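Student: Below is a structure I'd like to ask you about.
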Amino acid sequence: MAFRPAAGFRLKTRLLTVVLELALPVGAVAAWWFLSSRSTSVFFPPLSEMATAFHQTWLFARWNTDAVPSLDNLALGFLISCVLGISLGVFLGLAPVVADAITPVLEFLRAVPGVALLPAAILLLGIGPQTRVSLIAFGTIWPILMNTIDGVRAIDPMIRDVTKSYQIRGPGWLWRIVLPAASPQIVAGMRTALSIGITVMVFSEFTGTTNGIGFQILTAERAFAVPQMWAGMILLGIIGYLLNVAFRGFEHIVLRWHRGMRQLARS
Amino acid sequence: MKTAAEIAEPSSALLGDMSIKPRRLGARARRYGYAVAAAVIALALWQAAVESGLISRAAVASPVEIARAAAPLITKGETWAAVGDTIRSWSEGLGISLVVAVPLGLLTGANELLYKLTRFSFDFLRTIPPVAIVPLALLLYGATNRMALVLIVFGSVWPMLLQSMYGVHQVDAVARDVARAYRFRLRDRIFRLVLPSAAPFVATGVRIAATMSLLLAVGAELIGGAPGIGDQITLEQQNGDIPTMFVFVVASALLGLLVNLALINLERRALKWHSAQRLASA
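Next up, the structure:
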């Protein structure tokens, strides 16, 4: 039904969109570079100095000692909460009575800001990476768990009936019916969890550790090494963006069937 | 193209269930009974884990200890001052973001050129973890409320901005054409078409921002020493008073729970007419 422009025209508009989208960030960075080039402000040094500090610190002098451990903690914590959150969520989603009963407890636990447990976690688990991994897992599990429960409960009753009458049961039923049906919700929960995870990761490195990106930034701030501090902030920005892009790619693959269904429903 | 559902964080099951009226009172009472029982069992397990030494008492307080520590604190002015500080930074930060982000988002969403020009930049800025600016805020403002405020604004402005943008941009094309065909006045177009269609998106943005900024507020207080609940947690940890420290951890959780509840209720009341809400409470 939709009006379809010719291929050449579409390519042109697409190109124009990309140019438009990039114009502002490129312009902003260029403006920042030139406007700050003669900056004498202690807090906002020239961008060129930040770039130099970035090169010296993160490419790749401290990459292996600080950036990699941070990302390892994040990956491990996120993985733990995905596995636990999804499996527990599927169980609770299929057992509505249990889910209803323990939802208030879960809601309370979810409301605990992960960072608030940092002192207790350090006392309990010491200053090793396990402290930060557990905190990240604690902070990220709730959106995944809650969304999985919601997603499983919202499965079309007709699908349940049809699979029952076809006697589809056991692991096949879980893998091929329940999980895919709940996956749009689960993925949305994982997206929220990822941004919480990055926040908790950095906060957990601000105290009780001697390495990590957060540790490096805060140390630079305390030593008044402002360009180094900015370099760390820029690194966090880049990591945040790349993780987001990676997640979008993951979503694209996992939810491919879902997009197809929506398009079908629309046409 | 992103839709609201992709960014949206669905409202929780607990809060969603509140509005559903079970046909019989008995079913409802039984459900509440189960919930209370589950809470009691959870507390008992926690108590047992601490009593038996499974979880070290030096790190985690038991519920009984927390309750005992909380009793004298409730009448103390300093406790409420700390809670008040956190609430103030948080609500001021959210308020500033709301005032800045929503009009800007509605404006950029309404204009196709502006939308294309800014979408990528705003999306990029959204992905920058707000904690990244903690050191800068500390350097500029030290351990003050202002520091927490800056952090909260930076963390909550982007989700609100993007949601408002998407909200306006996804106004139903047919409705838009109808409004144009009937030559609606600009004022009517804004108040009767654009704002109502964008409202659910904005509400979602506010909810996402509220959750995230509590985490940021407590974190800024805990690490940066800005006055508030987080600062009290650090202080009590340094005093070695674990039960009192946990009183403040619980307080921060209760605060989060209350605000989440309040926002969802407000959203439901304000957007009663919207199909997503009707569907949810059907």
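Protein chains in written order, with my numbering: chain C, 1 to 267; chain D, 1001 to 1282.
C-beta atoms are modelled at their ideal positions from N, C-alpha and C, and glycine is treated no differently.
Just so we're clear, the structure is a prediction, and the values are computed from it rather than from any experiment.
#1: Per DSSP, what kind of secondary structure is D/Tyr1141 in: helix, strand or coil?
#2: Show which residues of chain D have a CB atom less than 7 Å away from the CB atom of C/Thr40.
#3: Quick check: what's the CA-CA separation for C/Leu179 versus C/Val152?
#4: Can you check the stretch 46-134 of chain C for any alpha helix (DSSP H) of at least 4 residues that lies completely inside it and give the ranges in chain order?
#5: Between C/Val68 and chain D, is the shortest Cβ-Cβ distance under 8 Å, so that the two count as touching?
#6: Check the C-beta distance from D/Phe1124 over to C/Tyr241 and give it rounded, since I have them as a contact under 8 Å.
#7: Between C/Ile136 and chain D, is there a C-beta pair that is closer than 8 Å?
#8: Going along chain D in order, which residues have a C-beta closer than 8 Å to the C-beta of C/Leu236?
#9: Where does D/Phe1154 fall in DSSP's three states?
#10: Got a sec, what are the start and stop residues for the alpha helix (DSSP H) D/Leu1222 sits in?
#11: Does any C-beta atom of chain D lie closer than 8 Å to the C-beta of C/Pro46?
#12: Under DSSP, the alpha helix (DSSP H) around C/Ile198 begins and ends at which residues?
#13: Nearest chain D C-beta to C/Ala116 closer than 8 Å, yes or no?
#14: Please report how far the alpha carbon of C/Ala154 lies from the alpha carbon of C/Ala182, in whole angstroms.
#15: Please go through the same chain and pick out, in chain order, the residues whose beta-carbon is closer than 7 Å to the beta-carbon of C/Ile86, but skip the five residues on each side of it.
#16: Using the Cα positions of D/Ser1062 and C/Leu235, report the straight-line distance between them to the nearest angstrom.
#17: Mapping DSSP to helix, strand and coil, what is D/Ile982?
#18: D/Thr1118 versus chain C: which residues are under 7 Å apart at the beta carbon?
#19: Using the Cα positions of C/Val271 and D/Gly1256, report the straight-line distance between them to the nearest angstrom.
#20: How is the alpha helix (DSSP H) around D/Gly1240 delimited, first residue to last?
#21: So, with DSSP's three-state summary, where would you put C/Gly240?
#22: Looking at chain D, which residues of the stretch 96-108 of chain C have a Cβ within less than 9 Å of any of its Cβ atoms?
#23: Closer than 9 Å by beta-carbon distance: list the chain D residues that pair up with C/Leu124, in chain order.
Tutor: Let me spell this out:
#1: When DSSP states are grouped into helix, strand and coil, D/Tyr1141 belongs to the helix group.
#2: Near C/Thr40 there are no residues of chain D at all, since even the closest Cβ is about 16 Å away, more than 7 Å.
#3: 8 Å
#4: Entirely contained in the stretch 46-134 of chain C, the alpha helix (DSSP H) runs reaching 4 residues are, in chain order, 47-58, 68-94, 96-111 and 118-125.
#5: no
#6: 6 Å
#7: Not an interface residue.
#8: Ile1128, Pro1129, Val1131 and Ala1132
#9: helix
#10: Leu1195 to Gly1224
#11: no
#12: Leu179 to Ser204
#13: yes
#14: Their Cα atoms are separated by approximately 8 Å.
#15: Ile144, Thr148 and Ile186
#16: 40 Å
#17: Because chain D here runs from 1001 to 1282, residue 982 of chain D falls outside it and cannot be looked at.
#18: Leu24
#19: Beyond the ends of chain C as shown, which are 1 and 267, falls residue 271 of chain C; an answer cannot be given.
#20: That residue, D/Gly1240, is in no alpha helix (DSSP H); it is neither H nor E in DSSP.
#21: helix
#22: Residues passing the 9 Å Cβ filter: Val97, Val98, Ala99, Asp100, Ala101, Ile102, Thr103, Pro104, Val105, Leu106, Glu107 and Phe108.
#23: Ile1055, Ser1056, Ala1058, Ala1059 and Val1060
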